[in-house]
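Mapping of the sequence shown onto the numbering used here: position 98 corresponds to residue 779, and the numbering continues sequentially without gaps.
All C-beta atoms, glycine included, are put in the ideal place defined by N, C-alpha and C.
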Amino acid sequence: MTRKITATAAALALLATGCSASTDSSAPGGTLITSGTSTATSTPTPSSTTPAPATTTAGRTPTVTEVTASPSATESTTAASTTAAATPTPTVSLDPSPLAGTGGGPQQPSSVPTLNSITDEDRGRALETAKAIVAAYTSGKPYKEWSEELYPMVDPEVQNEYGPKSRIDLLKGTVISAELVDDPTLKVPGGDNPYWLTVSVRVEGSLSPAYYVRLHRTAERPNKWKASHILEPQGYKLFAEKWLKQHNK
682 MTRKITATAA ALALLATGCS ASTDSSAPGG TLITSGTSTA TSTPTPSSTT
732 PAPATTTAGR TPTVTEVTAS PSATESTTAA STTAAATPTP TVSLDPSPLA
782 GTGGGPQQPS SVPTLNSITD EDRGRALETA KAIVAAYTSG KPYKEWSEEL
832 YPMVDPEVQN EYGPKSRIDL LKGTVISAEL VDDPTLKVPG GDNPYWLTVS
882 VRVEGSLSPA YYVRLHRTAE RPNKWKASHI LEPQGYKLFA EKWLKQHNK
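What follows is the structure in structure tokens.
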């Protein structure tokens with residue numbers, strides 16, 4: 682009886698020892714004891730890693746990186762600016778005599794057109810223009826219509842002699858004919874004056890039996906004659922005498 686109890690106690694003691702070995706995690710070197718046999722088991726040692734501190738921008742002063750242009754770039758820019766400043770701005774010549782002082786070679790033609798003669802066609806246009814001027818002048822129309830018809834054919838000096846209150850109705854008449862006048866104020870050496878003509882226009886029913894129209898033209902518009910004067914016979918005579926006296930003729 683005593684032997685059974687002893688055997689039973691030994692078995693319980695052995696069982697208790699095995700259970701304790703299987704659950705004992707404090708054994709040095711991680712030794713596992715099972716049924717009296719020790720087996721070495723490698724247990725990894727956890728590494729101790731300290732987490733990096735979080736990056737924060739609070740309270741920090743931003744770093745400014747200064748970029749300095751290279752000397753060569755600065756020199757190039759300076760040279761370009763100097764060249765631009767040193768280059769003079771071209772100017773346009775307004776020389777009224779571009780051919781003056783050219784010297785040598787044949788004489789250059791003038792850029793201003795001139796008239797050297799007067800033809801029968803020119804005289805014919807002058808006669809027709811004088812008749813149209815006197816027809817408008819003696820039309821008897823109201824001033825607005827009268828001026829719109831007449832003024833494009835006469836110089837401003839003639840226009841300034843009349844106004845809305847002028848008694849142009851008294852000039853009313855009918856053009857009969859026209860003829861060229863041998864005007865002593867238009868004489869030029871060597872022939873006829875190519876720029877001026879005087880035409881006498883006969884009128885019926887007007888204040889005057891005729892009107893003397895002094896016409897002129899330019900080389901730029903040789904086919905267009907304009908009136909510088911519209912004179913009655915007595916007015917024309919006084920004009921001619923005064924002009925000849927002033928010019929000692």
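One or two residues paired with L912 in a DSSP bridge: Taking the first residue of the sequence shown as position 1, residue 912 is located at position 231. Bridge partners of L912: Y893.
Identity of the residues DSSP links to R883 by a beta bridge: Numbered from its first residue, the sequence shown carries residue 883 at position 202. Answer is S858, A891, bridged to R883.
The region 821–834 contacting the region 863–875, beta-carbon criterion three pairs below 8 Å: no
D850 and G821 closer than 8 Å at C-beta: In the sequence shown, the residue the question calls residue 850 occupies position 169. In the sequence shown, the residue the question calls residue 821 occupies position 140. Yes, they are a contact pair.
With 16 other Cβ atoms within 10 Å as the buried cut-off, status of S887: Sequence index remark: in the sequence shown, residue 887 carries index 206 (1-based). The residue is buried, with at least 16 neighbouring Cβ atoms inside 10 Å.
Coil, strand or helix - K923 by DSSP: Locating residue 923 in the sequence shown gives position 242, counting from the first residue. Helix, per DSSP.
G844 classed as buried or exposed, judged by whether at least 16 other C-beta atoms fall within 10 angstroms: Stepping through the sequence shown from its first residue, residue 844 is reached at position 163. G844 comes out exposed.
Cβ neighbours of L796 in the same chain (closer than 7 Å, five flanking residues each side left out): Indexing the sequence shown from 1 puts residue 796 at position 115. The answer, listed in chain order, is P875, Y876, A900, P903.
Opening and closing residue of the alpha helix (DSSP H) in which T810 lies: As a working note, residue 810 is residue 129 in the sequence shown. Taken as a continuous stretch (DSSP letters only), the alpha helix (DSSP H) holding T810 covers 801–818.
Helix, strand or coil at W827 according to DSSP, with G and I counted as helix: On the sequence shown, position 146 is the one that residue 827 refers to. Correct three-state label for W827: helix.
Three-state secondary structure assigned by DSSP to K867: The sequence position of residue 867 within the sequence shown is 186, counting from 1. In the sequence as displayed, the identity of residue 867 is Leu instead of Lys. The answer is helix: DSSP assigns L867 an H, G or I state.
Among P914, K918, Y893, the one whose alpha carbon lies nearest that of A908: Position 227 of the sequence shown holds residue 908. Comparing Cα positions, the closest option is Y893.
Identity of the residues DSSP links to K907 by a beta bridge: Numbered from 1 along the sequence shown, position 226 holds the residue referred to as residue 907. K907 pairs with H897.
Where the alpha helix (DSSP H) containing E838 begins and where it ends: The residue given as residue 838 occupies position 157 in the sequence shown. Per DSSP, E838 belongs to the alpha helix (DSSP H) from 837–840.
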